[in-house]
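Note sheet for the following structure.
Numbering (my numbering), first residue to last: 18 to 481.
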């Protein structure tokens with residue numbers, strides 16, 4: 018067994034210890050005593066971490082040792098903060114003479130389901146390259162997943178003003194979370210198949226050589242179709258995420274910065290058009306410009322302002338876990354969970370959480386560069402960028418850097434769809450890192466079959 022698995026195990030034990038300690042701090046500060054419910058939460062979380070580690074040992078022994086511990090720690094901190102907000106909301110309910118049902122238990126159940134999907138991906142996808150067989154099918158499935166909520170009645174698909182859900186009884190899923198993964202697989206497959214055509218085929222427009230429409234068309238149509246449907250469904254954050262993913266993957270495949278400039282120009286034009294076409298876009302922009310001016314209006318800047326007040330209260334060091342009031346921020350356990358973390362852990366704690374995301378993305382990008390096949394490079398690069406893009410949109414909206422979008426923080430926020438999709442994302446990153454780090458079984462000297470003038474550079478070990 019590679020030494021990396023021992024490193025991963027030690028880091029997982031540290032992550033589990035941090036989460037258990039955080040649970041104890043929350044109850045001690047918020048209740049003055051230890052609630053027995055955290056034993057169930059902590060034990061379930063520990064079991065999830067243990068099973069995930071054993072699965073990586075079994076099916077991806079050479080995988081990166083940092084990705085899983087960072088993921089588990091983020092997931093655990095999310096459970097802690099959701100439990101903390103449950104305590105605050107329960108206290109509010111008692112003051113109003115009502116009963117509040119905690120949602121931390123639901124998040125634990127979703128974590129277990131996410132683990133099942135994580136195991137399924139690691140167990141059945143033994144080689145990431147097999148996904149190329151289903152590239153176009155993935156693109157079609159992604160478009161259907163985005164389009165389906167728009168076709169359903171509002172009673173089955175709308176929540177919080179956004180028509181992006183599928184509700185079946187007590188269960189609800191957001192198919193757009195899975196559509197982003199399907200779109201990445203589709204884009205990587207298409208770009209690898211026609212990578213050279215993007216560079217040499219086509220005609221020049223204003224001095225820029227463009228690929229043929231039939232080569233780039235499927236990707237552009239899929240991306241613009243998803244963005245248009247999401248804009249109609251009032252899901253601005255997902256629209257930005259989808260557009261950014263496709264733009265970056267095209268840049269990674271072609272290595273031409275002109276695509277970035279062209280994409281940003283199209284994006285700016287789309288933002289202006291959306292501002293004049295959709296009332297909810299104008300409202301989001303007004304809340305972004307001055308949340309206090311729309312503080313008391315319906316759909317106004319109350320949520321953004323409360324999140325900023327919470328971040329200001331936390332300062333550098335935070336109020337301490339269980340000693341703040343994150344529960345007075347609307348949607349504190351979903352869209353604004355980073356504001357809750359910033360209040361109780363301060364700027365330093367929030368920066369540490371963001372560093373965990375950065376570690377996942379950097380390690381994913383590193384192995385995307387190291388993996389031997391072009392599809393793995395594009396797939397790994399797209400998945401790693403998705404992590405960064407999601408957290409940028411989330412934190413940017415909470416801190417008023419960009420208009421608030423409604424995207425949830427991966428692994429932290431309450432919600433099953435995001436958790437399921439992002440655990441699949443992590444499983445794919447681990448599979449790619451396993452392929453990148455696995456020793457080659459081919460003798461590099463024997464692998465050189467071309468004439469000396471055409472042979473590539475190889476690394477030859479010194480004879481013992």
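Virtual Cβ for every residue (Gly too), placed ideally from N, Cα, C.
Residue 447 and residue 84 do touch by the CB rule: their CB atoms are close to 6 Å apart, below 8 Å.
Rounded to whole angstroms, the gap between the alpha carbons of residue 202 and residue 80 is 20 Å. DSSP places residue 424 in the coil class of the three-state scheme, outside both helix and strand.
Here residue 303 is not near residue 312, since their CB atoms are 8 Å or more apart. Taken atom to atom, the span from the alpha-carbon of residue 23 to that of residue 130 is near 26 Å. The beta carbon of residue 47 is closer than 8 Å to those of 101, 104, 105, 339 and 340 in its chain, skipping five residues each way along the sequence. Selection 65, 360 and 93 evaluated against residue 38 yields 93 as nearest (Cα-Cα). In the three-state reduction of the DSSP assignment, residue 172 falls in the helix class, which pools H, G and I.
Collapsing the DSSP output to three states places residue 184 in a strand. Distance between residue 258 and residue 410, taken at the CA atoms: about 8 Å. Within its own chain, no residue has a Cβ closer than 6 Å to the Cβ of residue 348 once the five positions on either side in sequence are excluded.
Exclusion of the five residues before and after residue 344 leaves 102, 105, 106 and 109 as the residues of its chain whose Cβ lies within less than 7 Å of its Cβ. Our two residues, residue 95 and residue 76, have alpha carbons roughly 27 Å apart in a direct line. Put simply, of 21, 405, 385 and 398 the residue whose alpha carbon is nearest the alpha carbon of residue 71 is 21.
Residue 389 has its alpha-carbon roughly 43 Å from the corresponding atom of residue 169. Residue environment: residue 144 is assigned as exposed (fewer than 16 neighbouring CB atoms within 10 Å of its CB, all protein chains considered). Secondary structure note for residue 58: its alpha helix (DSSP H) is the uninterrupted segment 54 to 76.
Burial is judged here by how many other beta carbons sit within 10 angstroms of a residue's own beta carbon; residue 191 has at least 16 and is buried. Rounded to whole angstroms, the separation of the alpha carbons of residue 437 and residue 65 is 14 Å. Considered as a whole, the segment 287 to 313 harbours 296 to 306 as its complete alpha helix (DSSP H) runs of no fewer than 4 residues, in chain order.
Residue environment for residue 125: buried (at least 16 other C-beta atoms within 10 angstroms of its C-beta).
Here residue 262 really is in contact with residue 402; their C-beta atoms are around 7 Å apart, less than 8 Å. Per the coordinates, the alpha-carbon of residue 36 lies some 44 Å from the alpha-carbon of residue 273. Secondary structure note for residue 383: its alpha helix (DSSP H) is the uninterrupted segment 354 to 387.
Beyond the five residues adjoining it in sequence on each side, residue 267 comes within less than 6 Å, by CB distance, of 276 in the same chain, given in chain order. Note: residue 189 is bridge-paired with 184 in the DSSP secondary-structure output. For residue 441, the enclosing alpha helix (DSSP H) has its first and last residue at 433 to 454. CA-CA distance, residue 52 to residue 350, rounds to 20 Å. Linking residue 254 to residue 421 through their CA atoms gives a straight-line distance of about 8 Å.
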